[in-house]
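*Asks:* In case it helps, the numbering used here puts the sequence shown at residues 25 to 285.
One structure, as structure tokens, below. Some questions next.
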Amino acid sequence: MGRTPIIAGNWKMYKTQVPAVDLAQGIVDLLGDDASVTDAVEAIVCPTFVVLKQVDNVIEFDNSRLKLGAQDVYWETEGAFTGEISAAMLADIGCSHCIVGHSERREHFGETDEGVNRKVKALFEAKMTPIMCCGETRETREAGETESFVRNQIRAGLEGLTADQATALVIAYEPIWAIGTGLTPTPEAANDVCRSIRATVGAMFGPAAAQELRVLYGGSAKPENIALFLAEPDIDGALVGGASLVADSFYSMIKTAKDYA
Ligand code: PGA
25 MGRTPIIAGN WKMYKTQVPA VDLAQGIVDL LGDDASVTDA VEAIVCPTFV
75 VLKQVDNVIE FDNSRLKLGA QDVYWETEGA FTGEISAAML ADIGCSHCIV
125 GHSERREHFG ETDEGVNRKV KALFEAKMTP IMCCGETRET REAGETESFV
175 RNQIRAGLEG LTADQATALV IAYEPIWAIG TGLTPTPEAA NDVCRSIRAT
225 VGAMFGPAAA QELRVLYGGS AKPENIALFL AEPDIDGALV GGASLVADSF
275 YSMIKTAKDY A
């Protein structure tokens, strides 16, 4: 126990500069300097690449403990890779975290488990924390293959890491059929998969890594249901899409997580 909860907002392809700065400022203002919240919960926002610096400026100006993450990264350190962004570039503008392997990237942009693994390693090289996503389709769930499917994603994504890296990594379990749909698994069903993820990490890297690893739930998480997921023993927070785009609702989830710290 003793795992610090995480509430991470995935802004996806929303918010141009002014709305992004407004949203970041709204969250920073609500967090204020109430250390009882920011000591207890890690709050992270993941805007699009092009507004990362502006959001970082908001965070820095207010000396806020809100953390900054990106939504993707390329694994090479530099070179002729038109359109790509390296982990060092993200770290340089203030990112501490980065989502990798989101199902939307796997589905629409051909991301593979092998690519996810390379991105995870590149982020660790840059001293950043990956938030690695996994999760099954509706068909996989209906076939009763969720746990074996997710276990394979974890094994491939974490292949070759050190135990320390596996411990520091954050895993987000996001059933694809729950993302942006308003549907969710029951908290117990989500916890079953999160427990199996923890066990997989334990089998690969030992019991201490399993014990300390933070596993988030994602998929239509919102202020009204977040407490149910946080109450589960193997769920340590949430990766939030839609409900992270409004400062009040994102902050309300952070405050709820404080009660489960
Ligand atoms: P959602 O998205 O909260 O809008 O379902 C979650 C995610 O895709 O990370």
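In this text, a Cβ means the ideal position worked out from N, Cα and C, and glycines have one as well.
1. Can you list the alpha helix (DSSP H) stretches of 4 or more residues lying completely in the segment 161–236, in chain order?
2. For valine 264, which three-state DSSP category applies?
3. Going along the chain, which residues of its own chain have a beta-carbon closer than 7 Å to the beta-carbon of leucine 252, five neighbours each way excluded?
4. Given the structure, does histidine 132 come close to the ligand PGA, in the sense that its CB is under 8 Å from one of the ligand's heavy atoms?
5. Evaluate glycine 125 with the Cβ neighbour count: other Cβ atoms within 10 Å of its Cβ, from every protein chain shown; 16 or more gives buried, anything less gives exposed.
6. List the residues that DSSP assigns as beta-bridge partners of glutamate 110.
7. Measure the C-alpha to C-alpha separation of isoleucine 290 and alanine 104 and round it to an integer number of angstroms.
8. For alanine 190 versus isoleucine 123, is the C-beta distance shorter than 9 Å?
9. To which residues of the same chain is cysteine 158 closer than 8 Å at the C-beta, ignoring the five residues directly before and after it?
10. If you drop the 5 nearest sequence neighbours on each side, which residues of the same chain put their C-beta closer than 6 Å to that of glycine 245?
11. Using C-beta distances below 7 Å, list every residue in its chain close to glutamate 108, excluding the 5 sequence neighbours before and after it, in chain order.
12. Does the Cβ of methionine 37 have 16 or more other Cβ atoms within 10 Å, making it buried, or fewer, making it exposed?
13. For the structure I just gave you, are there three or more beta carbon pairs, one from the segment 228–248 and one from the segment 201–209, closer than 8 Å?
14. Report the rounded CA-to-CA distance for serine 88 versus glutamate 100, giving the unit in angstroms.
15. Pull up the DSSP beta-bridge partners for tyrosine 67, would you.
16. Given that a residue counts as buried once 16 or more other Cβ atoms are within 10 Å of its Cβ, and exposed if not, what is leucine 207?
17. Measure the C-alpha to C-alpha separation of valine 65 and alanine 281 and round it to an integer number of angstroms.
18. Specify the secondary structure class of glycine 103 as computed by DSSP and reduced to three states.
*Replies:* Working from what's here:
1. Within the segment 161–236, the complete alpha helix (DSSP H) runs of at least 4 residues are 162–166, 170–181, 187–192, 211–229, 231–236.
2. In the structure shown, the three-state DSSP call for valine 264 is strand.
3. Pro211.
4. False, no ligand heavy atom lies under 8 Å from that Cβ.
5. With 16 or more other Cβ atoms within 10 Å, it is buried.
6. Note on residue identity: the sequence assigns serine, not glutamate, to residue 110. Tyr98, per the DSSP bridge assignment.
7. Residue 290 is absent from the structure shown; the chain starts at 25 and stops at 285.
8. Taking 9 Å as the Cβ cut-off, alanine 190 and isoleucine 123 do not qualify as a contacting pair.
9. Excluding residues within five positions, the ones whose Cβ falls inside 8 Å are Gly125, Val174, Gln177, Ile178, Gly181, Ile195, Ala196, Tyr197, Glu198, Ile221.
10. As written in the sequence, residue 245 is alanine, which differs from the glycine given in the question. Closer than 6 Å at the Cβ level, and outside the excluded window around alanine 245, lie Ala262, Val264.
11. Here the set comprises Tyr98.
12. Flag for methionine 37 reads exposed.
13. Short answer: they touch.
14. Taking the straight line from one Cα to the other gives about 31 Å.
15. One detail in the question is off: residue 67 reads as alanine in this sequence, not tyrosine. In DSSP, alanine 67 forms a bridge with Ile31.
16. So leucine 207 ends up on the exposed side.
17. The straight-line gap from Cα to Cα measures roughly 7 Å.
18. Residue state for glycine 103 is assigned as coil, using DSSP reduced to three classes.
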